[in-house]
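Q:
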Amino acid sequence: MNHLIILSPILFLVMWSSGAVMVKLGLQYTNEWNFLALRALLSLLFISITYKLVKKPLWPSPSKDHIKDALVTGLLLQVCYLSFYTLAIGTGMSPGLVTLILGAHPLLVPFIQQITLPISKKICLIIGFSGLCIAVIGTSQLKEMNGWGNVFALLALLSLTFGTVKKNEGIHPVRAMVYQCLLSSIIFTIVSTVIGWSVEWNILLLIALLWMSLVVSIGAFLLLIYMNNHDQPDRVSLLFYAVPPTTYCFDYAIFGTTLSKVTLLGISLVTISIVYYRKRTDPKPLSEKSLE
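Heads up: the sequence shown is residues 1 to 292, going by my numbering.
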């Protein structure tokens, strides 16, 4: 389990950062709501299989309050966040610009959680966000910003922030994910049925859907729940500073988006701020019960 504690931030960063470019790829062959519905249904299928395979008798039965908390978190992250996130990219904004706005997440978490930070950590947060802005300026993508895209990205930011600060310690993450995927599947399927289905099936769309359902919606979200329950919220939220630079790398690899020296400078500042901040904070110790 100690290996998971060490590797989870890196795994989460790679998984989460890949989501934006996969959404961009998938939206070339279907609309936003159809994509979200298909992703949710596949996620429900895979997490249900996972639950049947790994379910243990020692897992405590969740109370109604625990189930309610899991559903609220699912509504914020699996429904609201993914909806606004996908809609923002659907307006034509680049994945990097959308994740830049989401990069404000680490600035909001200490405020919402009422965490008092020392000056050194506040400086790290400022340096990290400055690095994000520099990275975006270096990509020459600011012209892609638009009104609705900004609104959707801001709503995604709020959904993400309030969804991640809420802990779900009274229910096993896999079981919680089953409830959350079921909720998102129902909502997105109803919306897609109302507006109509329009899907151009091909291998690229299938890759995007499988990646978003398995790697992002299940893998990354489970890691996020795990870290959120077992680490300090400000340490977890700081990882979102590294999402835009990592997304740019995926954008470069898949769509050929160039990385300028200015962007690389911004990425360097982000990396330095994250490494220094996390070294200045010891992770929250885990009890034996939390490791089950």
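For glycine and all other residues, C-beta sits at the position ideal for the given N, C-alpha and C.
Quick caveat: nothing in here was measured; it's all calculated off a predicted structure.
1. Whose C-beta lies closer than 6 Å to the C-beta of residue 211 among residues of the same chain, with five residues either side of it excluded?
2. Would you mind reading off the limits of the alpha helix (DSSP H) that contains residue 219?
3. Quick one, are the C-beta atoms of residue 186 and residue 66 less than 9 Å apart?
4. Restricting to Cα atoms, I'd like to know which of 15, 109, 71, 196 is closest to residue 228.
5. Where do the N-terminal and C-terminal ends of the alpha helix (DSSP H) with residue 105 fall, by residue?
6. Tell me which residues share the same chain as residue 214 and place their Cβ nearer than 7 Å to its Cβ, disregarding the 5 neighbours each side in the sequence.
7. Mind checking whether residue 40 and residue 188 have CB atoms under 9 Å apart?
8. Alpha carbon to alpha carbon, what distance is there between residue 205 and residue 149?
9. Quick one: residues in its chain with C-beta nearer than 8 Å to the C-beta of residue 79, no 5 flanking neighbours on either side, listed in chain order?
10. Are there three or more Cβ pairs, one per stretch, closer than 8 Å when the stretch 52-63 is compared with the stretch 119-137?
11. Alpha carbon to alpha carbon, how far is residue 199 from residue 128?
12. Should residue 253 go down as buried or exposed, given a rule of 16 or more other Cβ atoms within 10 Å for buried?
13. Mapping the DSSP letters down to three states, classify residue 30 as helix, strand or coil.
14. Would you mind sorting residue 86 into buried or exposed? The rule is 16 or more other CB atoms within 10 Å of its CB.
15. Let's see if you can read the secondary structure: which residues bound the alpha helix (DSSP H) around residue 240?
16. Can you check which of these residues, 9, 25, 14, 37, is closest to residue 195 by C-alpha distance?
17. CB residue 174 to CB residue 73, shorter than 9 Å?
18. Counting only the same chain and skipping the five closest in sequence on each side, list residues whose C-beta sits under 7 Å from that of residue 202.
19. I believe residue 146 touches residue 91 by the beta-carbon criterion, under 8 Å. Please report the beta-carbon distance rounded to the nearest angstrom.
20. Let's test the definition: count the other Cβ atoms within 10 Å of the Cβ of residue 114 and tell me whether it reaches 16, buried, or not, exposed.
21. Would you decide whether residue 54 is buried or exposed? Buried here means 16 or more other CB atoms lie within 10 Å of its CB.
22. Am I right that residue 102 and residue 240 are in contact with their C-beta atoms under 8 Å? What's the rounded C-beta distance?
23. Could you tell me the alpha carbon to alpha carbon distance between residue 197 and residue 31, rounded to whole angstroms?
A: According to the structure data:
1. In the sequence shown, counting from the first residue as 1, residue 211 sits at position 211. If you ignore the 5 residues before and after residue 211, its C-beta comes within less than 6 Å of the C-beta of 22, all in its own chain and listed in chain order.
2. Within the sequence shown, the letter at position 219 stands for residue 219. Run containing residue 219: none; DSSP gives neither H nor E here.
3. As a position in the sequence shown, residue 186 is number 186, starting the count at 1. As a position in the sequence shown, residue 66 is number 66, starting the count at 1. Going by C-beta atoms, residue 186 is not nearer than 9 Å to residue 66.
4. Translated into the one-based positions of the sequence shown, residue 228 becomes position 228. Per the Cα distances, 109.
5. Locating residue 105 in the sequence shown gives position 105, where the first residue counts as 1. Element bounds for residue 105: 105-113.
6. Within the sequence shown, numbered from 1, the residue matching residue 214 stands at position 214. Cβ neighbours of residue 214 beyond the five flanking positions: 46.
7. The residue you call residue 40 lines up with position 40 of the sequence shown. The residue you call residue 188 lines up with position 188 of the sequence shown. Contact annotation: residue 40 and residue 188 have beta-carbon atoms nearer than 9 Å.
8. For the purposes of this step, residue 149 is taken as the residue at position 149 of the sequence shown. For the purposes of this step, residue 205 is taken as the residue at position 205 of the sequence shown. Residue 149 and residue 205 have their C-alpha atoms some 23 Å from each other.
9. Counting from one through the sequence shown, the residue named residue 79 turns up at place 79. Sequence-distant partners of residue 79 (beyond 5 residues in either direction) whose C-beta falls short of 8 Å from its own C-beta, in its chain, are 183, 184, 187, 188.
10. The answer is no - the stretch 119-137 does not touch the stretch 52-63, with fewer than three Cβ pairs under 8 Å.
11. Residue 199 sits at position 199 when you count from the first residue of the sequence shown. Residue 128 sits at position 128 when you count from the first residue of the sequence shown. Taking the straight line joining both Cα atoms gives about 39 Å.
12. Here residue 253 is taken as the residue at index 253 of the sequence shown, counted from 1. Exposed is the label assigned to residue 253, since fewer than 16 other Cβ atoms lie within 10 Å of its Cβ.
13. Locating residue 30 in the sequence shown gives position 30, counting from the first residue. Here DSSP, grouped into helix, strand and coil, assigns residue 30 to strand.
14. Along the sequence shown, read from residue 1 onward, the residue named residue 86 stands at position 86. Residue 86 counts as buried, since at least 16 other C-beta atoms from the protein chains shown sit within 10 angstroms of its C-beta.
15. As a working mapping, residue 240 is identified with position 240 in the sequence shown. Counting along the chain, no alpha helix (DSSP H) covers residue 240, and no H or E run does either.
16. Here the question's residue 195 lines up with position 195 in the sequence shown. Residue 195 has its Cα closest to that of 37, out of 9, 25, 14, 37.
17. Mapped onto the sequence shown, residue 174 falls at position 174. Mapped onto the sequence shown, residue 73 falls at position 73. For residue 174 and residue 73, no; Cβs fall outside 9 Å.
18. The residue given as residue 202 occupies position 202 in the sequence shown. For residue 202, same chain residues with a beta-carbon under 7 Å away, outside a window of 5 residues either side, are 29 in chain order.
19. As a first step, residue 146 must be located in the sequence shown, where it is residue number 146. As a first step, residue 91 must be located in the sequence shown, where it is residue number 91. With a beta-carbon spacing of about 6 Å, residue 146 and residue 91 fall inside the 8 Å limit used to define contacts.
20. Start at 1 with the first residue of the sequence shown, and residue 114 comes out as number 114. It is exposed - the Cβ of residue 114 has fewer than 16 other Cβ atoms within 10 Å.
21. Within the sequence shown, numbered from 1, the residue matching residue 54 stands at position 54. Result: exposed.
22. Numbered from its first residue, the sequence shown carries residue 102 at position 102. Numbered from its first residue, the sequence shown carries residue 240 at position 240. Residue 102 to residue 240, Cβ: 6 Å. Contact.
23. Residue numbering aside, residue 197 sits at position 197 when the sequence shown is read from its first letter. Residue numbering aside, residue 31 sits at position 31 when the sequence shown is read from its first letter. Residue 197 and residue 31: Cα-Cα distance of roughly 8 Å.
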